[in-house]
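In this note's numbering, the protein residues as written are 91 to 271. Backbone N, C-alpha and C define an ideal beta-carbon position, used for all residues, glycine too.
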């Protein structure tokens, strides 16, 4: 477990430093975010429909991210998935989100290990808070999420197009598998 935490810490550290303005690719524009997020409406469960996964999410089935406002203003996050198959062992991670841009509520820092906060940006959110895209400035990871485990093919293709328009490598995008109960 200590070895896994060390690897994770090093990976996140490299990602944080690689997203600093000094090391950024000048050809990438800052990741746009939505105008405003009503945090109360955003809270709750989100199924990961597709992702460019972090190393923790490779081989993830049934991935779900759940957000809950904490009394201190931070966002308690629970990320669950089955490792390796639909019936694989359940993995649970509990990072904490911190709203970093209070004017939009769309830019967060996601903290798995203190004191490092990973870039987390709400770059798309439909009007009824049923579908969202979470991105990062350096375009290494992305998450297409919905309130339901499946979405229409038309919606999926539209969201994938948005991800591509944001500058992501669509060849790296992986569709998630969910068991339907």
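Can you say whether residue i is buried or exposed, counting buried as having 16 or more other CB atoms within 10 angstroms of its CB?
| i | result |
| --- | --- |
| residue 203 | exposed |
| residue 187 | buried |
| residue 217 | exposed |
| residue 247 | exposed |
| residue 225 | buried |
| residue 267 | exposed |
| residue 182 | exposed |
Compute the Euclidean distance between the alpha carbons of residue i and residue j, then round it to the nearest angstrom.
| i | j | result |
| --- | --- | --- |
| residue 265 | residue 211 | 20 Å |
| residue 168 | residue 269 | 19 Å |
| residue 157 | residue 131 | 10 Å |
| residue 184 | residue 252 | 28 Å |
| residue 154 | residue 214 | 18 Å |
| residue 262 | residue 239 | 21 Å |
| residue 234 | residue 139 | 5 Å |
| residue 166 | residue 159 | 6 Å |
| residue 243 | residue 150 | 21 Å |
| residue 128 | residue 137 | 19 Å |
| residue 208 | residue 219 | 23 Å |
| residue 254 | residue 162 | 36 Å |
| residue 249 | residue 134 | 21 Å |
| residue 206 | residue 245 | 34 Å |
| residue 108 | residue 241 | Interpretation of residue 108 is limited by its pLDDT of 40, a score under 50 that renders its predicted location unreliable; no figure is taken from the coordinates. |
| residue 191 | residue 164 | 13 Å |
| residue 237 | residue 221 | 7 Å |
Less than 8 Å between the CB atoms is what I'm expecting for residue i and residue j, so what's the real figure, rounded?
| i | j | result |
| --- | --- | --- |
| residue 195 | residue 171 | Actually they are not in contact, since the Cβ atoms of residue 195 and residue 171 sit about 26 Å apart, beyond 8 Å. |
Any 3 or more C-beta pairs closer than 8 Å across the segment 120–133 and the segment 144–152: Under the three-pair Cβ rule at 8 Å, the segment 120–133 does not count as touching the segment 144–152.
Cβ contact check for the segment 173–182 and the segment 197–215: 3 or more pairs under 8 Å: No: the two stretches stay apart, fewer than three of their Cβ pairs being nearer than 8 Å.
Segment contact, 8 Å Cβ cut-off, at least three pairs: the segment 229–240 with the segment 251–267: A contact exists between the segment 229–240 and the segment 251–267.
Any beta strand (DSSP E) of 3 or more consecutive residues that is wholly inside the segment 195–239: Listed in chain order, they are 197–203, 206–215, 221–225 and 232–236.
Those runs of the alpha helix (DSSP H) which lie wholly inside the segment 114–164 and span at least 4 residues: Those alpha helix (DSSP H) runs which fall completely within the segment 114–164 and span 4+ residues are 129–132.
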